[in-house]
Amino acid sequence: MLSPPCLWLLRSLSFFLALNNACPYSKFAHFTANQAILEATETTNWIYIVDFRIVKGVQWAVLLQALATRSIGKPSSIRISGIPTPALGAVFMIVVYGSDVFHLSR
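Mapped onto mature numbering (1 follows the signal peptide of the UniProt record, and there is no 0), the consecutive letters of the sequence shown carry residue numbers -22 to -1, 1 to 84.
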């Protein structure tokens, strides 16, 4: 049986995915932000991103993959810090997702 935080996480993810599939605006915003970061960091060795009012942080896995697969200009260090929106109760979700991104980066 799943604990209450895990149930909350599953419900939250399902709602987020449903919204993301129904409304492409957040996908476009993430794509645009990631593209701007990729273009701005073509010649840097390290990248530090601060995501103010982070909700899920789902766009960062896509950015990390794009950075890892580009032929030139791969940074040697990437740091992503998220400052959550407390009103949305996102802190638990960020910890779980942050762990996933950490393992992806290995």
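Glycine included, each C-beta is placed from N, C-alpha and C at the ideal position. Source: prediction; values computed, not measured.
Taking DSSP as the reference, what is the three-state secondary structure of S55?
Here the question's residue 55 lines up with position 77 in the sequence shown. Three-state DSSP puts S55 in a strand.
Candidates P2, E20, K34 and F30: which alpha carbon is nearest residue 85's?
A query on residue 85 cannot be resolved here, the shown segment of the chain reaching from -22 to 84 and no further.
Counting along the chain, where does the beta strand (DSSP E) carrying I25 start and finish?
On the sequence shown, residue 25 is found 47 positions in, with the first residue counted as 1. Here the beta strand (DSSP E) through I25 covers W24 to I32.
Give every residue of the same chain whose Cβ lies closer than 7 Å to the Cβ of K4, excluding the five residues on either side of it in the sequence, and list them in chain order.
For the purposes of this step, residue 4 is identified with residue 26 of the sequence shown, where counting begins at 1. A quick correction: the sequence has Ser, not Lys, at residue 4. Within the same chain, S4 has close Cβ partners N(-3).
Should residue 85 be labelled buried (16 or more other beta-carbon atoms within 10 Å of its own) or exposed?
Summary: the structure shown does not reach residue 85, with the chain confined to residues -22 through 84, and so no result is reported for it.
What span of residues does the alpha helix (DSSP H) with I15 cover, start to end?
Translated into the one-based positions of the sequence shown, residue 15 becomes position 37. From DSSP, the alpha helix (DSSP H) with I15 extends over Y3 to A18.
So, for N23: in the same chain, excluding its five sequence neighbours on each side, which residues have a beta-carbon less than 8 Å away from its beta-carbon?
Here residue 23 is taken as the residue at index 45 of the sequence shown, counted from 1. Within the same chain, Cβ atoms closer than 8 Å to the Cβ of N23 are found at P53, S54 and S55, the five residues on either side in sequence being excluded.
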